[in-house]
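A.B. asks: Attaching a single structure in structure tokens format; questions to follow.
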Amino acid sequence: MTAATTGATVAIGRAAQQSGVSARMVRHYEGLGLLPGVARTESGYRQYSEADVHSLRFIKRARDLGFSMEEIGELVGLWHNRRRASASVKRIAQKHLVELEQRIGAMQTLHGTLSHLVHCCHGDARPECPILEDLAHGMQPR
6 MTAATTGATV AIGRAAQQSG VSARMVRHYE GLGLLPGVAR TESGYRQYSE ADVHSLRFIK
66 RARDLGFSME EIGELVGLWH NRRRASASVK RIAQKHLVEL EQRIGAMQTL HGTLSHLVHC
126 CHGDARPECP ILEDLAHGMQ PR
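Once you know that position 82 of the sequence shown is 87 in this note's numbering, the rest is easy, because the numbers rise by one and skip nothing.
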């Protein structure tokens, strides 16, 4: 039986294991307010419900998709708000998508530049190296 079927709670290590994040990150997310009201035992140990573990999985998935912690905070709030408008969620996702596309474009430019430099480098015993030349002089301030 799991916490979901019994209504039981689990300790931080088990919650971390079930959600796929480290115990350190569980504490971090709690500190950021993404997991409000986590129960504690009389001796102060954190106890996580199935809902808490589900929230941790939600946060992990959002992190895996590259959302910032600020965006995740907004998304968690919207997820818990049954009166939300999906337009609010879509706005956050669209903004993130634009940022991803910009980063992909920048990475493609870097890939092209580095690919060219690797192609130009002989990679033999000669000391001349266009890669080092570019690193030393490629982006001179104007």
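Think of the CB as a built atom: it goes at the ideal place given N, C-alpha and C, for glycine as much as any other residue. Please read these numbers as outputs of a predicted model, since none were measured by experiment.
Run the CB neighbour count on Arg51, radius 10 Å, all protein chains shown included, and call it buried at 16 or more, exposed below.
C.D. replies: buried
A.B. asks: Could you check the C-alpha separation between Gly38 and Ser48 for me, to the nearest Å?
C.D. replies: 22 Å
A.B. asks: What are the start and end residues of each continuous alpha helix (DSSP H) run of 4 or more residues lying completely inside the region 31-95, in chain order?
C.D. replies: Runs of the alpha helix (DSSP H) lying entirely within the region 31-95, each at least 4 residues long, are 55-69 and 74-85 in chain order.
A.B. asks: Note down the Cα distance separating Ser93 from Gly82, rounded to an integer number of angstroms.
C.D. replies: Going from the Cα of Ser93 to the Cα of Gly82 covers about 11 Å.
A.B. asks: Please state whether DSSP places Val15 in a helix, a strand or coil.
C.D. replies: strand
A.B. asks: For Ala21, which three-state DSSP category applies?
C.D. replies: In the structure shown, Ala21 sits in a helix (DSSP, three-state: H, G or I).
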